[in-house]
Structures are given as structure tokens and as C-alpha cells.
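A.B. asks: Take this structure, written in C-alpha cells, and hold onto it; I'll ask about it next.
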Amino acid sequence: MGIVKKQGVPGTILTYAGFGLGYVNMVLLFPNLLSEAELGLTRVLLSFSLVFQQFALFGSTSITFRFLPFFSDSETGKSRGFLSLVLLLGGIGFFTMASVLFLFQSNVAEWYTDKAPEFVNHLDLVFFISASMILFNILESFIRSNLHFVVPIFLKEVFVRILNLIAIGLYALELVNFDVFLVLFSSTYLISALWSFIYAGRKKILDFRPDFQYLRETKLFKSMMEYGAFSILSTASWMLMNNIDILMLGSLSGLESAAIYGIALYVGTVVHIPQRTISRIARPLIAKFWAENRIDDIRDIYKKTAISQTIVGGILLLMVWLNVEFIFLFLPESYRDGTWVILLIGLTRLTDMTFSLNNEILDTSKYFRANFVILVALIIMLYGFNLWLIPLYGMEGAGIATLLAFIIFNLIKYLFLKWKVGIGVFTWKNLFAFTLVLGFIGLDHVIRPDINLILSGILKSTLFVGLFVLICYRLKLSDDFSSMLKMGMKKIGLA
Numbered sequence: 002m003g004i005v006k007k008q009g010v011p012g013t014i015l016t017y018a019g020f021g022l023g024y025v026n027m028v029l030l031f032p033n034l035l036s037e038a039e040l041g042l043t044r045v046l047l048s049f050s051l052v053f054q055q056f057a058l059f060g061s062t063s064i065t066f067r068f069l070p071f072f073s074d075s076e077t078g079k080s081r082g083f084l085s086l087v088l089l090l091g092g093i094g095f096f097t098m099a100s101v102l103f104l105f106q107s108n109v110a111e112w113y114t115d116k117a118p119e120f121v122n123h124l125d126l127v128f129f130i131s132a133s134m135i136l137f138n139i140l141e142s143f144i145r146s147n148l149h150f151v152v153p154i155f156l157k158e159v160f161v162r163i164l165n166l167i168a169i170g171l172y173a174l175e176l177v178n179f180d181v182f183l184v185l186f187s188s189t190y191l192i193s194a195l196w197s198f199i200y201a202g203r204k205k206i207l208d209f210r211p212d213f214q215y216l217r218e219t220k221l222f223k224s225m226m227e228y229g230a231f232s233i234l235s236t237a238s239w240m241l242m243n244n245i246d247i248l249m250l251g252s253l254s255g256l257e258s259a260a261i262y263g264i265a266l267y268v269g270t271v272v273h274i275p276q277r278t279i280s281r282i283a284r285p286l287i288a289k290f291w292a293e294n295r296i297d298d299i300r301d302i303y304k305k306t307a308i309s310q311t312i313v314g315g316i317l318l319l320m321v322w323l324n325v326e327f328i329f330l331f332l333p334e335s336y337r338d339g340t341w342v343i344l345l346i347g348l349t350r351l352t353d354m355t356f357s358l359n360n361e362i363l364d365t366s367k368y369f370r371a372n373f374v375i376l377v378a379l380i381i382m383l384y385g386f387n388l389w390l391i392p393l394y395g396m397e398g399a400g401i402a403t404l405l406a407f408i409i410f411n412l413i414k415y416l417f418l419k420w421k422v423g424i425g426v427f428t429w430k431n432l433f434a435f436t437l438v439l440g441f442i443g444l445d446h447v448i449r450p451d452i453n454l455i456l457s458g459i460l461k462s463t464l465f466v467g468l469f470v471l472i473c474y475r476l477k478l479s480d481d482f483s484s485m486l487k488m489g490m491k492k493i494g495l496a
């Protein structure tokens, strides 16, 4: 946990700084400067590109996390030209998927023409955004696998949002029209990829000369391709599961619904920001532990992360939900329709955090095929849930579908790891912390003081979050959380 804790703190700070910028963009600026249809277009474009590029990566990022440790040369610090192999793989993947999308472009257009014709008119931007994402994600995974975490997190969480802020600022000042804004919005990952390339060069980890003799001697190529083949669908299915709600809302309800849902999704997603940071840092470490057969270290990071994430995620969910009225002060009135989506997405993210690093552990292990099978089955289930619930309940239906899918998804993976590896995360502490969060959310609907709603939110969040932290600390639910709390209290002179 040493590296995770050391780099996790600045990583988390950067991630929250990025969220702060994202909040300015997504809550204060985009909804007030763009129409619902225009904002919905940016959400659907981004979601479609995320899914497209994940298929087109051809498993290259997963291959990097899993196999780069085997290629690292301790004497030279180089990786035997590994980067050139995964860049070639990503390039082949992009041109393959671009050809497929081009062939079926009319089918995609038919699906969206009725409710989202503007998306059809800008479908060509998907190719540009996806190519930029592929380059950036390959470079990011390579840098992270060399155990340099902070700059990649800065680029992905902060820098991209700074570029978006500049783009929407130019649009607000009427220096560019909406079409030019879309081009600027679509260029953010390309610029970030160029910075990643420069950073990797300065760290002297770039090596474009593949060692084919080493590949033959170690017989790693076959394992890499087999792993990559499963990772294509595994990681792409994961991305699809995280974006299918936006994509289906755009098709079934229109870009306006996608816009409102997208804002609610963004606000609810603040809950799992620590998980995103920890995952990026822990994944290459877990891959290293698997390579060295250090099961006890995997068990340790699995259990400690689970309870810490449950507590921190619980605090964030309470802060968001108890102050939801304050959030809506800055949004057009129509966006209040996404209120319950915020809670549903928040509970989804908290559930995912409670189950800890099960995806990272499975994805970097010899059981990666099982991860693929579980994901494919759940994509089918999630598609069915959305197809059933969106026409009935609209945005709330999409939120319910996502929550149900993630509960099933995580439960199956937890049971599989318990069965195959003999590691688990659940103790009374995890369940107690999660139940405590639900209890405070329930109290929020019982205790309704006859005062200003915003003041009520501030008072209740201070009381409920304070009690939650105190209970977790007194019962010593997490050593890591308690030590971080003590450290924070010392720095502000309270201990």
C-alpha cells in the first residue's frame, strides 16, 4: 500500500481539482451557454467515442498493464520496444473499427435520426475523437505502468477540462460558433496525447525498437495476443456498460434527456473519484503482484481499499445528496428532472467502491476470461433493463437499470474471487459503513426542518457527515482512514 498511499494523495487532489473544473464546465457553463440539444450532442458524441475507441484499442492498454513488467530491463530502464508494439496494435484496431463504422454508418444514422438528428450530422467527429483517445490512452497506460502516476492523472483529470473551459469560453465570447466549438471540444485528447509523448521522452522511458528475439525466447507473444483478444471485449464491454444509458437515452428519448441525465450523472459520479485514482495506481501494482505470485499482497490491498473506499465514498454521497438543492441553484429549471438520477448514480458508485478492486484483480490475472464472460452477460442484461425501464420511467429508469446491473456485476465477481482465489473483502465493517450511509439518507427524508432548503442542507450535511465520520473513527472501521484523519486534524491544529 506504500506507493498507493504516497501517490494516491496527490492523485486524489488532482482528480478533485479536475472535478472542480469539470463542475465549472458541466454545471455552471455548459448548461447555461448551450441548449439542451447542444449539450446532449456533446454527451452522446463523447459516449459513442469512448465505446468506439475501447473496441479499437484492441486490448493494448490491458496488455500494457499486464505484460510490461515482463519486458522491463532493470539495467537500462527501457522496455525492449514494447511501446511500438502496442501503438501498432492500436493503429490496426482504429482502422479496423473505422471501417466497420463506415460500413454500418447508415444503420447508426437510422437508430438516431428520429430523436437525435444532430448526432447523425456530426458522426464524423467520432473518428477524430476516438483516434485521439486511442493515442492518449496507450501513452497514459505505458507511463503509469512505469510507475509514473501524477502527470497522467493531471492530463486526464485536469488538463482536458482546462481545454474544455477554454473552448466554452471562446464560444461564450462569441469568438467561435458552435461547429468550431465542437472541433475544439474534440481536440482535447489529441493535445493531451502530445503532452504525454513529451513527458515520456523526458522521463527517458520511450523505446521504439522492438526486441523480437526476446519475444521469441520468452514466448510471450501468443499470451499477449490471447490476453488482448479477450481484453478487447472485456474492456469495451466495461466502457459500454458505463455509457449505454446515455447512448440509449439519446436514441429513445432525445438529446435533451441525454443532456439532463448527463449532468445528473456527472454530479453523482463525484462519489467514485477516489476509486478512479486508486484504480489507476493499484492496477499496475496488482499486475506486478500476480507476476510474482504475491497473493497475500493482493489480499491486503483488496481488503484495505474496500473499507476505505466505502467510508470515503459514503462521505461524498452524503455531501452531494444533502446539498443537492444548492447544486440546482446554478442550473436551468429543467435540469431538476435529474434529481433522483443523482441519488441512483451515487448509490451505484458507492456499491462499486464497496466491492473494491475486483475488476483490477480479475483483469490482470489468469482469470481474465471469466471477467469477459461476466461482462458480456451483463451488457445483455443492462441493454434489456434500459430497453424496459427507459420507456416506463425515462431518466430514472436508466438510473435504476445501471444500479441493478452494477450490483449483479460486482456480486458475481466477488463470489468468483472468493471461490477461485480465496480472497474476499466483506466483514461487518464494510456492511455497517454502507448501511450507515443508507440510514442517513433515509433520515434526510424524515428530518425536514421548516427553514431555507440550502441552509437545511448545510446543517444536515454538517450533522450527518460529522456523525458518520465520528462513528467510523471511534469503531476503527479503517486503519488507513483513521490515520489520514489524524494527519489531517494535526495539520489544522485539532489534534
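In the numbering used here, the protein residues as written are 2 to 496.
Glycine included, C-beta positions come from ideal geometry on N, C-alpha and C.
Compute the Euclidean distance between the alpha carbons of Glu141 and Phe66, then round it to the nearest angstrom.
C.D. replies: Computed Cα separation, rounded: 11 Å.
A.B. asks: Going along the chain, which residues of its own chain have a beta-carbon closer than 7 Å to the beta-carbon of Leu17, five neighbours each way excluded?
C.D. replies: Reading off the sequence shown, one finds Tyr at residue 17, where the question assumed Leu. Around Tyr17: Ile274.
A.B. asks: Which residues mark the beginning and the end of the alpha helix (DSSP H) in which Lys1 is found?
C.D. replies: Outside the displayed range of the chain (2 to 496) lies residue 1, so it cannot be described from this structure.
A.B. asks: Hey, how far is the Cα of Glu293 from the Cα of Gly91?
C.D. replies: Each residue's Cα considered, the two are about 28 Å apart.
A.B. asks: Alpha carbon to alpha carbon, what distance is there between Met134 and Ser188?
C.D. replies: In a straight line, the C-alpha of Ser188 is about 10 Å away from that of Met134.
A.B. asks: If you draw a straight line from the alpha carbon of Glu257 to that of Leu51, how long is it in whole angstroms?
C.D. replies: Between Glu257 and Leu51, the C-alpha separation is close to 20 Å.
A.B. asks: Reducing DSSP to helix, strand and coil, say where Asn294 ends up.
C.D. replies: Residue state, collapsed to three classes: coil.
A.B. asks: Give me, in chain order, the residues of the same chain whose beta-carbon lies closer than 6 Å to that of Glu37; leave out the 5 immediate sequence neighbours on both sides.
C.D. replies: If we look at Glu37 and ignore the five residues flanking it on each side, its Cβ neighbours are Glu257 and Ala260.
A.B. asks: Beta-carbon separation of Leu345 and Gly458 under 7 Å?
C.D. replies: Result no, Cβ atoms of Leu345 and Gly458 do not sit closer than 7 Å.
A.B. asks: So for Pro333, helix, strand or coil by DSSP?
C.D. replies: Pro333 falls in the coil class under three-state DSSP.
A.B. asks: Under a three-way DSSP split, which group does Asp115 fall into?
C.D. replies: Coil, per DSSP.
A.B. asks: I'd like to check one pair, Ile264 with Tyr336: are the Cβ atoms closer than 7 Å?
C.D. replies: Yes, Cβ-Cβ distance for Tyr336 and Ile264 is below 7 Å.
A.B. asks: Could you check the C-alpha separation between Met2 and Ile302 for me, to the nearest Å?
C.D. replies: Confidence at Met2 is low in this model, with a pLDDT of 48, below 50, so its placement is unreliable and no value can be given for it.
A.B. asks: For Pro392, is the classification buried or exposed, using 16 other Cβ atoms within 10 angstroms of its Cβ as the cut-off for buried?
C.D. replies: So Pro392 ends up on the exposed side.
A.B. asks: Are the beta-carbon atoms of Ile154 and Leu47 separated by less than 7 Å?
C.D. replies: No, the pair does not count as a contact, with Cβ atoms beyond the cut-off.
A.B. asks: Could I get the ranges of all uninterrupted beta strand (DSSP E) runs contained in the stretch 24-111, with 3 residues as the minimum, in chain order?
C.D. replies: Listed in chain order, nothing qualifies, since the stretch 24-111 has no complete beta strand (DSSP E) run of 3 or more residues.
A.B. asks: When you compare only the Cα positions, how much space is there between Leu350 and Leu460?
C.D. replies: One point to set straight first is that residue 350 is Arg, not Leu, in the sequence displayed. Cα to Cα, Arg350 sits roughly 25 Å from Leu460.
A.B. asks: Starting from the Cα of Pro70, find the closest Cα among Val109, Ile144 and Gln55 and give me that residue.
C.D. replies: Per the Cα distances, Ile144.
A.B. asks: Taking Phe231 as the reference, give the member of Ile64, Ser484 and Trp420 with the closest Cα.
C.D. replies: The shortest Cα separation from Phe231 among Ile64, Ser484 and Trp420 belongs to Ile64.
A.B. asks: According to DSSP, simplified to helix, strand and coil, what is Gly314?
C.D. replies: The answer is helix: DSSP assigns Gly314 an H, G or I state.
A.B. asks: With DSSP as the reference, label Arg449 as helix, strand or coil.
C.D. replies: DSSP places Arg449 in coil when its eight states are reduced to three.
A.B. asks: Between the Cα of Gly251 and those of Glu111, Leu286 and Val466, spot the shortest distance and give me the residue it belongs to.
C.D. replies: Residue Glu111 is the option with its Cα nearest to Gly251.
A.B. asks: How many Å lie between Ala168 and Phe186 at the Cα?
C.D. replies: Approximately 6 Å, taken between the alpha carbons.
A.B. asks: Return the CA-CA distance between Trp163 and Leu104, expressed in angstroms with no decimal places.
C.D. replies: Note on identity: in this sequence residue 163 is Ile, with Trp being the wrong assignment. In a straight line, the C-alpha of Ile163 is about 35 Å away from that of Leu104.
A.B. asks: Pull up the distance between the alpha-carbon of Leu319 and that of Val45, whole angstroms please.
C.D. replies: Cα to Cα, Leu319 sits roughly 29 Å from Val45.
A.B. asks: Does Leu191 come out as helix, strand or coil in the three-state DSSP assignment?
C.D. replies: Correct three-state label for Leu191: helix.
A.B. asks: The alpha helix (DSSP H) with Asp497 in it runs from where to where?
C.D. replies: Coverage of the chain is limited to positions 2 through 496, which leaves residue 497 absent and any answer about it impossible.
A.B. asks: Which stretch, first to last residue, makes up the alpha helix (DSSP H) that contains Ser146?
C.D. replies: From DSSP, the alpha helix (DSSP H) with Ser146 extends over Leu126 to Ser146.
A.B. asks: Taking all protein chains shown into account, do 16 or more other C-beta atoms lie within 10 angstroms of the C-beta of Val377, making it buried, or fewer, making it exposed?
C.D. replies: Exposed: under 16 other Cβ atoms inside 10 Å.
A.B. asks: Would you check if the stretch 329-343 and the stretch 193-202 touch, i.e. whether three or more CB-CB distances between them fall below 8 Å?
C.D. replies: Contact fails: fewer than three Cβ-Cβ distances are below 8 Å.
A.B. asks: Excluding five sequence neighbours on each side, which residues of the same chain lie with their C-beta closer than 6 Å to the C-beta of Phe68?
C.D. replies: Hits under 6 Å: Met225.
A.B. asks: Is it right to say Thr97 is buried, meaning 16 or more other beta carbons lie within 10 angstroms of its own, or is it exposed?
C.D. replies: Counting Cβ neighbours within 10 Å, Thr97 comes out exposed, since fewer than 16 surround it.
A.B. asks: Give the single residue among Phe129, Ile442, Met490 and Ser146 whose Cα lies nearest to the Cα of Ile497.
C.D. replies: The first residue shown for the chain is 2 and the last is 496, placing residue 497 beyond what the model contains.
A.B. asks: Using CA atoms only, rank isn't needed, just tell me which of Ile247, Val181 and Leu191 is closest to Gly395.
C.D. replies: Nearest option by C-alpha distance: Ile247.
A.B. asks: Do Ile362 and Ile413 have their C-beta atoms closer together than 7 Å?
C.D. replies: Their beta carbons are not under 7 Å apart, which means Ile362 does not touch Ile413 by this criterion.
A.B. asks: Is Met490 buried or exposed, if buried means 16 or more other CB atoms sit within 10 Å of its CB?
C.D. replies: With fewer than 16 other Cβ atoms within 10 Å, it is exposed.
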